[in-house]
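Going by my numbering, the first residue of the sequence shown is number 110, and it counts up by one from there.
Note that CB positions come from ideal geometry on N, CA and C, so glycine has one too.
The model shown is predicted, which means the values in this text are computed figures rather than measured ones.
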Amino acid sequence: MPVKTDMKWQDYASCNGIEDYYKIEDTPSGDPMRVKHSGTNLFFDDYESDAVTAMNTDQMCFHCPVARQCLEDGEDSGSWGVHGGVYLVYGKIDIQRNSHKSADDWKELSEIHGYDLNEGDS
């Protein structure tokens with residue numbers, strides 16, 4: 110089998126190939142129902158809708174070997190969603206969508222990314 114030599118930083122991302130997942134949600138009648146979600150929603154719609162989802166997504170990013178490249182790419186391209194553990198809107202840190210992060214989280218993120226994120230005030 111040939112060795113792949115054209116690897117990109119995205120190929121090393123912890124989220125690469127993340128699969129769909131299921132959540133139990135209440136229906137309009139109040140009955141719980143198993144609902145399928147796209148794996149990418151962890152970084153967009155579902156990120157701030159559920160504290161546990163946000164925390165788990167953050168931890169995946171905090172331990173990702175290419176978190177720094179991911180945040181840089183998100184900032185440079187004006188992206189929306191979680192990049193390198195930080196929720197961006199048009200490439201800028203969105204303080205509201207990152208409001209669940211503690212001072213310790215911001216300190217860890219600053220260490221990961223190599224510059225002071227100043228608790229989201231960048």
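From the DSSP secondary-structure annotation, give me the bridge partner or partners of I202. Residue pairing by DSSP places I202 opposite L197 in a beta bridge.
If you follow the alpha helix (DSSP H) that D185 is part of, which residue opens it and which one closes it? Residues 176-185.
Where DSSP assigns a beta bridge to P141, which residues make up the other side? P141 is bridged by DSSP to D135.
Are there three or more Cβ pairs, one per stretch, closer than 8 angstroms when the stretch 134-141 is compared with the stretch 199-214? By the Cβ test, the stretch 134-141 is not in contact with the stretch 199-214, since fewer than three Cβ pairs between them sit closer than 8 angstroms.
Below 8 angstroms, how does it come out for the stretch 206-224 and the stretch 184-195: are there three or more Cβ pairs, yes or no? Enough Cβ pairs lie closer than 8 angstroms, so yes.
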